[in-house]
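Asks:
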Ligand SMILES: Cc1cc2nc3c(=O)[nH]c(=O)nc-3n(C[C@H](O)[C@H](O)[C@H](O)COP(=O)(O)O)c2cc1C
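Numbering (our numbering), first residue to last: 198 to 625.
#1: Is it right to say residue 600 is buried, meaning 16 or more other beta carbons lie within 10 angstroms of its own, or is it exposed?
#2: Please name the residue, chosen from 384, 390, 536 and 378, that lies closest to residue 423 on a Cα-to-Cα basis.
#3: Could you pull out every residue in the same chain whose Cβ sits closer than 8 Å to the Cβ of residue 608, ignoring the five residues on either side in sequence?
#4: What number of angstroms, rounded off, separates the C-alpha of residue 519 from the C-alpha of residue 513?
#5: Buried or exposed: residue 510, going by 16 or more other Cβ atoms within 10 Å of its Cβ?
#6: In three-state DSSP terms, what is residue 213?
#7: Are residue 462 and residue 413 touching if we call contact CB-CB under 8 Å?
#8: Would you please verify whether the beta carbon of residue 320 is less than 8 Å from any beta carbon of chain C?
#9: DSSP three-state call for residue 382: helix, strand or coil?
#10: Exposed or buried, residue 551, counting other C-beta atoms within 10 Å across all chains shown (16 or more means buried)?
#11: Should residue 416 go down as buried or exposed, given a rule of 16 or more other Cβ atoms within 10 Å for buried?
#12: Can you say whether residue 386 is buried or exposed, counting buried as having 16 or more other CB atoms within 10 angstroms of its CB?
#13: Can you give me the start and stop residues for the alpha helix (DSSP H) that residue 580 sits inside?
#14: Under 8 Å, with one C-beta from each stretch per pair, do the stretch 298-314 and the stretch 356-367 reach the 3-pair mark?
#15: Using DSSP bridges, identify the partner residues of residue 465.
#16: CB-CB under 7 Å to residue 539, same chain, minus the five flanking residues each way: which ones, in chain order?
#17: Ligand 3 and residue 423: does the residue's C-beta get closer than 7 Å to at least one heavy atom of that ligand?
#18: Have a look at residue 563 and residue 576 and give me their C-alpha separation to the nearest angstrom.
#19: With respect to 7 Å, is the separation between the Cβ of residue 499 and the closest non-hydrogen atom of ligand 1 below this value?
#20: Please say whether residue 396 and residue 457 have beta carbons closer to each other than 8 Å?
#21: Helix or strand or just coil, what does DSSP make of residue 500?
#22: Please state if the CB of residue 219 and the CB of residue 205 are separated by a distance shorter than 8 Å.
Next comes the structure, spelled out in structure tokens:
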């Protein structure tokens, strides 16, 4: 009997003409592996080699910063110039084995840069953060026009170095409350110049970054943009928003249409911000099953509105859900992050072994409720970083590792700075 080829195994041709071998899109996860001075390491290469051999079509790197003085979290790689080109080449070569694509995610954190690693953050507008997390983030300085232009140039420089090193695409991080997302948000962006006001002005920074990156890499090189469907996390429905004043779904669709006209190759859909994160305190299997695949309602809304390929990211745990999403046409790529840190060859298992199960994420706990509450988001992030670091050192992921070991790992690797919230609520 001949086996039916699953939709996830189908190739996809992007607007720039590049074809990717299947529909698995490994979404960005900060690896927390950078060496001294934010340099990439051989552990990055080993991790991406494992993922590439595991069958994923597109591997997006963890966010790489355009300025080493402005990091989003400890352990970020930064690429400002060619000083680390040899190690970048090793990383790109490893990530493009087995016909995989390896795209560098490029980012600037803006105000979302913890005070333990950055006392001088920048943002579209100044103003200290109120509330319980205010003390973890220094008051940002509002960017001048020259500084905005400098950051635009930095995105382009990082993208062209990525291309030179052998990465086969780039993703611009415009989601999750980082700098581009801050510009898009009417809450964070209170500028009165051409970069603030209506959405056509708040989106100017993103469009300038996109155009500069396109100019730097040329027309045949894939560029993705990770964009929030809105600044609310998926659990909040439109009619429950009340006084919500952030970047909303209508604005997001408008931005996507503009990006499509400008020649974007893929939109990676996400959501949430610093204060309303996409990953809640802990996303064990029960919470995951309750939520299902994230942003599906929004993905249904944009179907027919834009024709550029979409990668829906978040909550994909079963081969069944992946097939269904592709069959229904609500996404063209299946965005997966955490499950691939536990099962790096998940695509091979689904395509070649016809595996049809569910990857259950464990409930990460230290065994102490107070500690779990205090470190919730950091605990989960550190636990997944620990799994990636294991793979990077040639070991297997171990789902039985406890939360306490993850916290010790984070402190051992980055010092006490690892335990301060990296996002305003301490989650991704
Ligand atoms: C350890 C960790 C690091 C992450 N780092 C990034 C990042 O650098 N850039 C980004 O866009 N998203 C990042 N994310 C979010 C993921 O890309 C993804 O949107 C989220 O985990 C939901 O997908 P999942 O349910 O498949 O894990 C990170 C998530 C985790 C768990």
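Ideal placement from N, C-alpha and C gives every residue a C-beta, glycine not left out. Quick caveat, the model's predicted, so the values are computed rather than measured.
Replies: Walking through what the data contain:
#1: In the chain shown, the residue the question calls residue 600 occupies position 403. So residue 600 counts as buried.
#2: Locating residue 423 in the chain shown gives position 226, counting from the first residue. It is 378 whose Cα lies nearest to the Cα of residue 423.
#3: If you number the chain shown from 1, residue 608 lands on position 411. Cβ neighbours of residue 608 beyond the five flanking positions: 615 and 616.
#4: Within the chain shown, residue 519 is the residue found at index 322, counting from 1. Within the chain shown, residue 513 is the residue found at index 316, counting from 1. Cα to Cα, the separation comes out at about 7 Å.
#5: Numbered from its first residue, the chain shown carries residue 510 at position 313. Classification of residue 510: buried, given that the 10 Å Cβ count is 16 or more.
#6: Position 16 of the chain shown, counted from the first residue, corresponds to residue 213. In the structure shown, residue 213 sits in coil (DSSP, three-state: anything other than H, G, I, E or B).
#7: Here residue 462 corresponds to residue number 265 of the chain shown, with the count starting at 1. Here residue 413 corresponds to residue number 216 of the chain shown, with the count starting at 1. Against a cut-off of 8 Å, the Cβ pair of residue 413 and residue 462 comes out as no contact.
#8: Of the chains in the structure shown, none is chain C; there is only one protein chain.
#9: The residue labelled residue 382 in the question sits at position 185 within the chain shown. Note: residue 382 maps to coil in three-state DSSP.
#10: The residue labelled residue 551 in the question sits at position 354 within the chain shown. It counts as exposed.
#11: Counting from one through the chain shown, the residue named residue 416 turns up at place 219. Looking at its Cβ environment, which holds fewer than 16 other Cβ atoms inside 10 Å, residue 416 is exposed.
#12: What you label residue 386 is simply residue 189 of the chain shown in a count that begins at 1. Buried, by the Cβ-count rule.
#13: Within the chain shown, numbered from 1, the residue matching residue 580 stands at position 383. Where residue 580 is concerned, the enclosing alpha helix (DSSP H) stretches over 566-589.
#14: yes
#15: What you label residue 465 is simply residue 268 of the chain shown in a count that begins at 1. Answer is 423 and 508, bridged to residue 465.
#16: Here the question's residue 539 lines up with position 342 in the chain shown. Within the same chain, residue 539 has close Cβ partners 556, 584, 594 and 596.
#17: Ligand 3 is not part of the structure shown, which contains ligand 1 as its ligands.
#18: Translated into positions along the chain shown, residue 563 becomes position 366. Translated into positions along the chain shown, residue 576 becomes position 379. Answer to the nearest angstrom: the Cα atoms are 8 Å apart.
#19: Residue mapping note: residue 499 aligns to position 302 of the chain shown, counting from 1. No, ligand 1 has no heavy atom inside 7 Å of this Cβ.
#20: For the purposes of this step, residue 457 is taken as residue 260 along the chain shown, with counting starting at 1. For the purposes of this step, residue 396 is taken as residue 199 along the chain shown, with counting starting at 1. It is not a contact, given that the beta carbons lie outside the stated cut-off.
#21: The residue labelled residue 500 in the question sits at position 303 within the chain shown. Strand at residue 500.
#22: Locating residue 205 in the chain shown gives position 8, where the first residue counts as 1. Locating residue 219 in the chain shown gives position 22, where the first residue counts as 1. Yes, the Cβ-Cβ distance between residue 205 and residue 219 is below 8 Å.
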